[in-house]
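Working notes, beginning with the structure itself.
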Amino acid sequence: MFCLKGYNQMLKKWIEMKILDDGTVLADDWEHIEEGSIKRYTEQMDMGKKMLWEDDQIVDMQTGKCMIIRFGEYETYCVEEEQVMKSVGFYLETRNGENLPLGNLSEYANKIEEPIW
0 MFCLKGYNQM LKKWIEMKIL DDGTVLADDW EHIEEGSIKR YTEQMDMGKK MLWEDDQIVD
60 MQTGKCMIIR FGEYETYCVE EEQVMKSVGF YLETRNGENL PLGNLSEYAN KIEEPIW
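In numbering that gives the first Met the number 0, the protein residues as written are 0 to 116.
Laid out in structure tokens, this is it:
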């Protein structure tokens with residue numbers, strides 16, 4: 000299953016679309032979606048069981064760092080390989096522009112409901 004969400008301008012709320020493995024599309028009110036608002040689901044939840052999406056802001060509950068979930072090509076340092084590695088997928092962007100792998104967000108992160116940056 001693959002999930003997307005988009006902001007419906009008429010209803011003024013986020014609408015989810017699910018695409019099942021067999022290609023079936025499940026979506027109510029998937030019209031009047033604001034251009035640029037479509038976000039991918041990370042297939043992860045935070046510590047409070049909230050779904051985490053592309054461009055959500057989270058706080059690392061162990062360090063207090065705020066980060067944004069991004070999707071795309073990114074570089075991160077691999078300790079085992081002792082080199083910078085390129086990858087494509089979800090990653091975390093810190094305020095200083097550092098890119099980090101997601102890891103298991105349900106173990107350490109909470110979604111920030113009111114974005115702070």
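Just so it is clear, CB atoms sit at the ideal spot from N, CA and C, and this is done for glycine as well.
Beta-carbon gap between residue i and residue j smaller than 8 Å
i	j	result
V83	Y76	yes
D45	L51	yes
E72	K85	yes
L104	Q43	yes
Through-space distance from residue j to residue i, alpha-carbon basis
i	j	result
N109	V78	26 Å
K12	R94	28 Å
I68	L101	8 Å
C65	L3	23 Å
R39	E53	5 Å
F1	D21	11 Å
N98	Q56	14 Å
N-terminal and C-terminal residue of the beta strand (DSSP E) that residue i is part of
i	result
V87	Q82 to T93
D59	Q56 to D59
V24	V24 to A26
I68	C65 to C77
Q43	K38 to M44
P100	N98 to P100
Cβ neighbours of residue i in the same chain (closer than 6 Å, five flanking residues each side left out)
i	result
A26	M16
Sequence-distant residues of its chain with Cβ nearer than 8 Å to residue i (five each side left out)
i	result
E33	G5, Y6, N7 and Q8
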